[in-house]
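Engineer:
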Amino acid sequence: MACISYVFKNLCMFLLVVAVASRSGTWKIFDVRKYGAKGDGKTDNANYIDNLVVTGHGTIDGLGSHSWSSTNFDMNRRLPANMAFVFVRKSRINGLISLNSKSEHLNFFCVDHFNISHVNLTAPGNSPNTDGIKIGMSNNVKIRDSHIGSGDDCIAISLEKLTLISITSLVVLDMGSVPEAWESTKKKRTSRMLGLGTRFLLGQATV
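Structure follows, in structure tokens:
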């Protein structure tokens with residue numbers, strides 16, 4: 005078992021040596037261990053990727069139905085997103101189809117200048133905690149020409165200095181005012197809805 009574990013750890017590190025193409029067309033090789041990656045057989049992330057392009061019309065199916073069942077679902081257990089981007093800059097994703105994520109479809113944390121376009125994110129309406137796009141501690145994230153139909157928030161954002169341009173049919177709901185929202189889809193709670201600019205509106209939200 006020790007030999008298998010050693011091989012697995014080194015295989016993970018091999019897969020984490022990322023080749024990134026620069027604008028000039030030449031290749032730069034990065035040792036991701038210098039940017040936060042760990043060869044522990046568990047962690048497979050790095051803190052450096054610029055100019056990443058994810059494009060095409062492929063489909064990622066998270067096969068979340070087993071995790072959503074009443075016997076298996078635990079609100080306090082962190083389930084994986086279909087795709088997550090952490091510490092990524094000047095990048096874009098285009099044309100992706102994401103189905104049935106166990107949790108959120110796309111997760112963006114500490115990203116800067118990231119464009120999202122023509123993505124299709126779908127999960128059943130009764131699937132728990134399946135946010136379409138979750139954004140936290142990020143700057144200059146643009147979402148356009150996309151379809152999101154999921155069981156929870158279409159777009160969940162940690163707000164600070166938010167700028168919205170060319171938005172239609174927008175409702176921004178402060179879920180901090182609805183702490184029991186996930187318990188029922190039929191109860192009504194008093195909730196704060198944040199209007200554009202600095203306006204605050206009080207309303208009733210079906211949660």
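Counting the sequence shown from 1 gives a position; the working numbering is that position plus 4.
Glycine included, C-beta positions come from ideal geometry on N, C-alpha and C.
Owing to the predicted nature of the structure, the values given are computational and were not obtained by experimental measurement.
Taking the alpha-carbon positions, what's the LYS138 to ARG82 distance?
Structural biologist: Against the sequence shown, residue 138 aligns to sequence position 134. Against the sequence shown, residue 82 aligns to sequence position 78. Their Cα atoms are separated by approximately 14 Å.
Engineer: Assuming ILE101 and SER150 are in contact, meaning their beta carbons sit under 8 Å apart, how far apart are those beta carbons, in whole angstroms?
Structural biologist: One-based indexing of the sequence shown puts residue 101 at position 97. One-based indexing of the sequence shown puts residue 150 at position 146. Contact flag wrong, Cβ pair sits at about 11 Å.
Engineer: To the nearest angstrom, how far is the alpha carbon of SER162 from that of ASN111?
Structural biologist: By one-based count along the sequence shown, residue 162 stands at place 158. By one-based count along the sequence shown, residue 111 stands at place 107. Rounded to whole angstroms, SER162 to ASN111 spans 12 Å at the Cα level.
Engineer: Taking the alpha-carbon positions, what's the PRO128 to GLY66 distance?
Structural biologist: As a working note, residue 128 is residue 124 in the sequence shown. As a working note, residue 66 is residue 62 in the sequence shown. Cα to Cα, PRO128 sits roughly 12 Å from GLY66.
Engineer: With DSSP collapsed to three states, give me the class of HIS70.
Structural biologist: The sequence position of residue 70 within the sequence shown is 66, counting from 1. Three-state result, HIS70: helix.
Engineer: Which ranges does the beta strand (DSSP E) cover as unbroken runs of at least 3 residues, wholly within the stretch 122-165, from first to last along the chain?
Structural biologist: Counting only runs of 3 or more, we get 124-126, 137-140, 143-148, 151-153, 159-161.
Engineer: So what's LYS106 in DSSP terms, helix, strand or just coil?
Structural biologist: As a first step, residue 106 must be located in the sequence shown, where it is residue number 102. Residue state, collapsed to three classes: coil.
Engineer: Only counting the same chain, and skipping five residues up and downstream in sequence, which positions put a Cβ closer than 6 Å to that of ASN215?
Structural biologist: With the chain represented from 5 up to 211, any question about residue 215 goes unanswered, as that position is not in the structure.
Engineer: Would the beta-carbon of PHE89 fall within 8 Å of that of PHE118?
Structural biologist: Along the sequence shown, read from residue 1 onward, the residue named residue 89 stands at position 85. Along the sequence shown, read from residue 1 onward, the residue named residue 118 stands at position 114. In contact: PHE89 and PHE118 (Cβ atoms closer than 8 Å).
Engineer: Per DSSP, what kind of secondary structure is ARG96 in: helix, strand or coil?
Structural biologist: Numbered from its first residue, the sequence shown carries residue 96 at position 92. Three-state DSSP puts ARG96 in a strand.
Engineer: Output yes or no for whether 8 Å exceeds the beta carbon distance between SER107 and THR134.
Structural biologist: Against the sequence shown, residue 107 aligns to sequence position 103. Against the sequence shown, residue 134 aligns to sequence position 130. Yes.
Engineer: Start and end of the beta strand (DSSP E) containing ASP65?
Structural biologist: Here residue 65 corresponds to residue number 61 of the sequence shown, with the count starting at 1. Here the beta strand (DSSP E) through ASP65 covers 63-65.
Engineer: Take VAL123 and list the residues in its own chain whose beta-carbon comes closer than 6 Å to its own, dropping the five residues that flank it on each side.
Structural biologist: In the sequence shown, the residue the question calls residue 123 occupies position 119. Hits under 6 Å: LEU100, SER150.
Engineer: I'd like the list of long-range same chain contacts for ASN130, defined as Cβ closer than 7 Å, with 5 residues on each side in sequence excluded.
Structural biologist: Stepping through the sequence shown from its first residue, residue 130 is reached at position 126. Same-chain partners within the cutoff: GLY155.
Engineer: Just to confirm before moving on: does the CB-CB distance between ASN143 and LYS94 stay below 8 Å?
Structural biologist: Here residue 143 refers to the residue found at position 139 when the sequence shown is read from its first residue. Here residue 94 refers to the residue found at position 90 when the sequence shown is read from its first residue. No. Outside cutoff.
Engineer: Note down the Cα distance separating ILE169 from GLY153, rounded to an integer number of angstroms.
Structural biologist: One-based indexing of the sequence shown puts residue 169 at position 165. One-based indexing of the sequence shown puts residue 153 at position 149. Between ILE169 and GLY153, the C-alpha separation is close to 21 Å.
Engineer: Between which two residues does the beta strand (DSSP E) harbouring PHE89 extend?
Structural biologist: If you number the sequence shown from 1, residue 89 lands on position 85. Where PHE89 is concerned, the enclosing beta strand (DSSP E) stretches over 87-90.
Engineer: Please report the Cβ distance between ASP116 and GLY136, rounded to the nearest whole angstrom; I am assuming they are in contact, meaning their Cβ atoms lie under 8 Å.
Structural biologist: Within the sequence shown, the letter at position 112 stands for residue 116. Within the sequence shown, the letter at position 132 stands for residue 136. 21 Å between Cβ atoms; not a contact.
Engineer: Along the beta strand (DSSP E) that carries VAL115, what are the first and last residues, could you check?
Structural biologist: As a working mapping, residue 115 is identified with position 111 in the sequence shown. Element bounds for VAL115: n/a, residue is neither H nor E.
Engineer: Going by DSSP, name the residue or residues bridged to THR167.
Structural biologist: As a first step, residue 167 is located in the sequence shown; it is residue number 163 there, counting from the start. None; THR167 has no bridge partner.
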